[in-house]
Ligand code: CUA
């Protein structure tokens, strides 16, 4: 009888911990029950914010820049992004399948891409440079080859790029 009591107590303790920490758990099921943003991971390319023509860097008012990306097995789209140095860059990313993590090598910045939800964070890259963005979350057989690149350029250089070249540097 003592053993059963112990098991019950440990279960309750476990549930109590889970109840306070559930926001830190990465399982997509939490986002599902949390309502997410109502994003359909299978229909990202069909409609809404993450259609292909809307991916990459987009300039907003007052020279602000928003970068939209999709992570999917086993690529990031776009594969190369160019942004100006010294300007806050707002990232909005989502996943088309499983959880992926973008890590910006050489910085402390990282972003988790979760299916069914948008992850948003704003990072400023003080100096120009090239940052590799490998996937940092084991996501399947092609995980180790999954990467993108961030090209941080001086503001005047960014301003001199054509609109298409600002959106992505994939073709350069
Ligand atoms: Cu995507 Cu690992």
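Residue numbers (the numbering used here): 993 to 1164. For every residue, glycine included, the Cβ atom is placed at its ideal position computed from N, Cα and C.
Exposure label - residue i; buried when at least 16 CB within 10 Å
i, result
"residue 1074", "buried"
"residue 1049", "buried"
"residue 1140", "buried"
"residue 1106", "buried"
"residue 1004", "exposed"
"residue 1001", "exposed"
"residue 1008", "exposed"
"residue 1038", "exposed"
"residue 1036", "buried"
Endpoints, the beta strand (DSSP E) within which residue i is located
i, result
"residue 1105", "1102 to 1105"
"residue 1152", "Per DSSP, residue 1152 belongs to no beta strand (DSSP E); it is in the alpha helix (DSSP H), 1147 to 1152."
"residue 1111", "1111 to 1116"
"residue 1072", "1072 to 1076"
"residue 1163", "Where residue 1163 is concerned, there is no enclosing beta strand (DSSP E), given that its DSSP letter is neither H nor E."
"residue 1099", "Segment: none, residue 1099 is in no beta strand (DSSP E) and carries neither H nor E."
"residue 1120", "Looking at the DSSP string, residue 1120 is not in any beta strand (DSSP E), and its letter there is neither H nor E."
"residue 1094", "1092 to 1095"
"residue 1055", "Where residue 1055 is concerned, there is no enclosing beta strand (DSSP E), given that its DSSP letter is neither H nor E."
Residue span of the alpha helix (DSSP H) that contains residue i, given as start and end
i, result
"residue 1084", "Where residue 1084 is concerned, there is no enclosing alpha helix (DSSP H), although the beta strand (DSSP E) it sits in stretches over 1080 to 1087."
"residue 1167", "For the chain, the structure presents residues 993 to 1164; residue 1167 sits outside this window and is missing."
Rounded Cβ spacing between residue i and residue j (contact assumed at less than 8 Å)
i, j, result
"residue 1031", "residue 1133", "Not really, about 25 Å apart at Cβ, beyond 8 Å."
"residue 1065", "residue 1089", "5 Å"
"residue 1162", "residue 1070", "5 Å"
"residue 1144", "residue 1115", "With 8 Å as the limit, residue 1144 and residue 1115 do not qualify as a contact, their Cβ atoms being about 10 Å apart."
"residue 1125", "residue 1095", "7 Å"
Given residue i as reference, the closest of the options once Cα atoms are compared
i, options, result
"residue 968", "1076, 1156, 1112", "Given a span of 993 to 1164 for the chain in the structure shown, any question on residue 968 remains unanswerable."
"residue 1087", "1146, 1142, 1033, 1039", "1033"
"residue 1146", "1158, 1137, 1136", "1158"
"residue 1082", "1055, 1129, 1059, 1063", "1059"
"residue 1119", "1126, 1098, 1055, 994", "1098"
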